[in-house]
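One structure below.
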Amino acid sequence: AGNPQEPWLFGLNPPQRDAVLTTEGPVLMLAGAGTGKTAALTARLAHLVATRRAWPSEILCVTFTNKAAREMRERVGRMAGPAVEGMPWLGTFHAVAAKMLRRHAEIVGLQSNYTIIDTDDQLRLLKQLIQSENLDEKRWPARQLAGLIDRWKNRGLNPADLDAAENEAYANGKGAHFYGLYQNRLKALNACDFGDLLLHMLNIFRREKDILDSYRQRFKYIMVDEYQDTNVVQYLWLRLLAQPRHNICVVGDDDQSIYSWRGAEVANILRFEKDFPGAKVIKLEQNYRSTPEILAAASGLIDANSERLGKTLWTEIGSGEKVRVIGVWDGSEEARRIGDEAEGLTRRGIKLSQAAILVRAQFQTREFEDRFIQIGLPYKIIGGFRFYERAEIRDALAYLRVIAQPSDDLGFERIYNTPKRGLGAKALEKLHVHARAQGIPLAQAALEICDTDELPARGRNTLLALMRDFARWREAAQTLSPAELARTVLDESGYTAMLQAEKSAEAAGRLENLSELARAMEEYETLGAFLEHVSLVMDNDAKDTEDTLTIMTMHGAKGLEFDHVFLPGWEEGVFPSQRAIDEGGLKSLEEERRLAYVAITRARRECTILHAANRRIYGQWTSSIPSRFVEELPEAMIEMETTMTGGASLWRAQWSESGDPFAHVAKAQPARTMTRGPGWQRAAASEYDPTPRRIPEARRSAASFAAKARTDIAIG
Ligand code: ATP
Ligand code: MG
């Protein structure tokens, strides 16, 4: 069946074609990275529309990102003609749900012009509620409550659905109470948050049989990409909508499930056959994306996971370079190296847009940004702010700017009540009035106003204390290094404590960013020099037309592909993340490993992994250990390289200072790293394996760096 000359079938392999042509009944396409799942799904969409099996408006097609939806729309348009471009139900779960909810908002007590609030607003609302209920926000941070509410919504739970344990999770059994208050407050504001979009629609489907039926009739076909990362509420949704036709086609890869921290359940894909009996399972094994070396490296790595279905992948693409694993001295060498490599690509006539740096954590981007600006290499950061534009960094910079320049009103306004000191909008208004009347900066006005009784005593005292802090910091700036000053200010202002109290993954990321900021400052002699650097960096926006290198997180890169992929920071504690190691469970480490698999399989032609022997953290050199994932890469597929450029002199300096060539290793060895030797990593994964293991090259790197350093010195 199917004329292979039809544009949407052209070039597809037999199982892909099977997936396209099996239009009726449940279909599961379960296959590894780069096997053409998304391509087949796109062709299927074109086929359904072009053969008039359904109107574009009768197909629900869910992608993981808005970008993926846009691309799919364009491709289908090219294959099946422009009629499809009006596909109203092609988008992310959230986009689709938002559209539906506009039509039925009144059922859940909203108006159709409801607003969707962002995380900032969400937090502000929750804070108000916590205050109005006289709960101690320090003990029960709003962010924690926000995290719980998200989790509940991701699992399709309304306040009344919470069991005792869930209810206990906040403020000693007040979980459901606060969740309910929050929902009521949102309703009063004619607003909902992201999680509500899906939950409200699920509630409507459950409650209003007519509405559910109308959608069931409408959607003749349902398709979902990246099904392994659907969460419970999305799953419930699909199960309701796919009845009774069961014309549902989902595609995914259990090895690429990387969002369990956001409520995704890989079990959804594993139980598809049970949910939809008689499902046709299609496996794709030919990879069209990567060289055999890249593919084998990724497959070898993911083999170390126990919870997986397992699959074979092969490619006809000709042999290419091995995956390079480069050990560098430290983070700045890592940035220099990738910068050099990127310039090398340009010299080889390769466009920078064909290359990407994929990082594990946002803080990692800073060193690259600084370097690329220095050498004039155009880059863009996708799915996140540039380092110096992030809220916490802007806050920290605002403090520093006011210290350096007391008349910096914007900086002053930004932080005068961050963290919360009880200085409200009224007080600020008075400051403004006074400042305008006298023609003086806000900080000066603050001092003067404290001499009057314009402000209530409490506000006056708080403001005075803040101004004294600033005076003290300004003095400290004369003697402390910029980095020390930053740490002092962040600690003494209560900013660090505010983030520490939040205990969320996001707050942990913000704290990481702040240490990274301090680290960046270590390279500057004066605060002024650093602030000038920042303003230059901020001003350095790549133009849209420019050919740019992409920097993004591994999570964000799911589904994408690049000819050249750089993967920096493959060190224990960075990747796998410290969080995953601390949690210790197999589960979080296996998810990190899947992330590594996703990362490597983004590469079409060349993949370069880097790890640094040292990271400077809080002004201390800390020796780091190459990631366990480096060890797990099959030896035959990788090419190891270590460098010492830039490192030797530092090493020598440390050696001569301490008289001990291993001083920095011994001193800075973090407690968590244990003794390296057979099985040390297994032990770290709380699954001790007594069989002696080969200690591969990478594992010995700290020692071999030392040996190499000695040779250098002997020669020199
Ligand atoms: P991921 O798991 O990373 O999302 P995927 O399985 O969705 O990968 P696609 O992105 O659809 O894979 O395809 C990977 C690459 O292979 C794309 O560049 C695509 O154009 C190409 N491709 C897919 N199918 C074929 C085919 N039959 N012939 C040639 N190239 C193909
Ligand atoms: Mg895909």
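Using the UniProt record's numbering, read the sequence shown as starting at 16 and increasing by one per residue. From the three backbone atoms N, C-alpha and C, an ideal C-beta is built for every residue, glycine too. On a predicted model such as this, the values are computed, not experimentally measured, just so you know.
Cβ neighbour criterion (16 or more within 10 Å) applied to residue i
{"i": "P707", "result": "At P707 the pLDDT is 29, less than 50, meaning the model places this residue with poor confidence; the figure from the coordinates comes in the next sentence. The residue is exposed, with fewer than 16 neighbouring Cβ atoms inside 10 Å."}
{"i": "R351", "result": "buried"}
{"i": "G692", "result": "Any reading at G692 needs caution, since the residue's pLDDT is 35, under 50, leaving its predicted position unreliable; the model's value is listed next. So G692 counts as exposed."}
{"i": "Q137", "result": "buried"}
{"i": "A95", "result": "buried"}
{"i": "F25", "result": "exposed"}
{"i": "A419", "result": "buried"}
{"i": "G210", "result": "buried"}
{"i": "Q459", "result": "buried"}
{"i": "P29", "result": "exposed"}
{"i": "T408", "result": "Checking the sequence shown, residue 408 turns out to be Ile, not Thr. Classification for I408: buried."}
{"i": "A668", "result": "Reliability of the predicted coordinates at A668 is poor, the pLDDT of 47 falling under 50, and the value obtained from them is presented with this limitation in mind. Classification for A668: exposed."}
{"i": "V549", "result": "buried"}
{"i": "K153", "result": "exposed"}
{"i": "H679", "result": "Its pLDDT being 42, under 50, H679 is placed unreliably in this model, and the coordinates cannot settle the point."}
{"i": "V239", "result": "buried"}
{"i": "V448", "result": "exposed"}
{"i": "A486", "result": "exposed"}
{"i": "residue 737", "result": "Outside the shown range of the chain, which is 16 to 731, sits residue 737, and nothing can be said about it."}
{"i": "E547", "result": "exposed"}
{"i": "S592", "result": "buried"}
{"i": "V91", "result": "buried"}
{"i": "T660", "result": "A caution first: T660 carries a pLDDT of 45, below 50, which makes its placement in the model too unreliable to give a value."}
{"i": "D268", "result": "buried"}
Per DSSP, the bridge partner or partners of residue i
{"i": "C76", "result": "L105, M238"}
{"i": "I566", "result": "I372, I396"}
{"i": "V296", "result": "L43"}
{"i": "R339", "result": "T623, E654"}
{"i": "L582", "result": "I624"}
{"i": "W636", "result": "R631"}
{"i": "V265", "result": "L43, V239"}
{"i": "P641", "result": "E586"}
{"i": "S603", "result": "Per DSSP, none; premise fails for S603."}
{"i": "S347", "result": "Paired residues: none, contrary to the question."}
{"i": "Q301", "result": "W329"}
{"i": "S577", "result": "The displayed chain sequence assigns Phe, not Ser, to residue 577. Its beta-bridge partners are A618."}
{"i": "A279", "result": "N246"}
{"i": "A611", "result": "A611 is not bridged to any residue."}
{"i": "S508", "result": "For S508, which the question treats as bridged, DSSP gives no partner whatsoever."}
{"i": "S592", "result": "G588"}
{"i": "A206", "result": "T130"}
Sub-8 Å separation of residue i and residue j beta-carbons
{"i": "V123", "j": "H215", "result": "yes"}
{"i": "T532", "j": "A512", "result": "According to the sequence as given, residue 532 is Leu; it is not Thr. No, these two residues do not count as a Cβ contact at 8 Å."}
{"i": "W585", "j": "L625", "result": "yes"}
{"i": "L373", "j": "A614", "result": "yes"}
{"i": "L144", "j": "F193", "result": "yes"}
{"i": "N169", "j": "R277", "result": "yes"}
{"i": "L177", "j": "G162", "result": "no"}
{"i": "L457", "j": "L446", "result": "yes"}
{"i": "I263", "j": "P583", "result": "no"}
{"i": "V338", "j": "I309", "result": "yes"}
{"i": "A54", "j": "M44", "result": "no"}
{"i": "I273", "j": "H570", "result": "yes"}
{"i": "A411", "j": "L529", "result": "yes"}
{"i": "residue 15", "j": "V248", "result": "No statement about residue 15 is possible, as the shown extent of the chain runs from 16 to 731 and does not include it."}
{"i": "P649", "j": "A312", "result": "yes"}
{"i": "R630", "j": "S639", "result": "yes"}
{"i": "E241", "j": "F108", "result": "no"}
{"i": "D385", "j": "A544", "result": "no"}
{"i": "A442", "j": "L479", "result": "no"}
{"i": "T623", "j": "F581", "result": "yes"}
query = Counting only runs that start and end within the segment 355 to 385, where is the beta strand (DSSP E) found for 3 or more residues in a row?
reply = Counting whole runs of 3 or more residues, the segment 355 to 385 contains the beta strand (DSSP E) stretches 370 to 374.
inquiry  = Residues around the ligand MG, please: the condition is that the C-beta lies closer than 7 Å to some non-hydrogen atom of it.
reply    = K52, T53, D240, E241, G574
request  = Give, in chain order, every unbroken run of the beta strand (DSSP E) that is at least 3 residues long and sits entirely within the segment 110 to 166.
outcome  = none
key: Ordered list of alpha helix (DSSP H) runs contained in the segment 436 to 487, each at least 4 residues   = 440 to 453, 457 to 464
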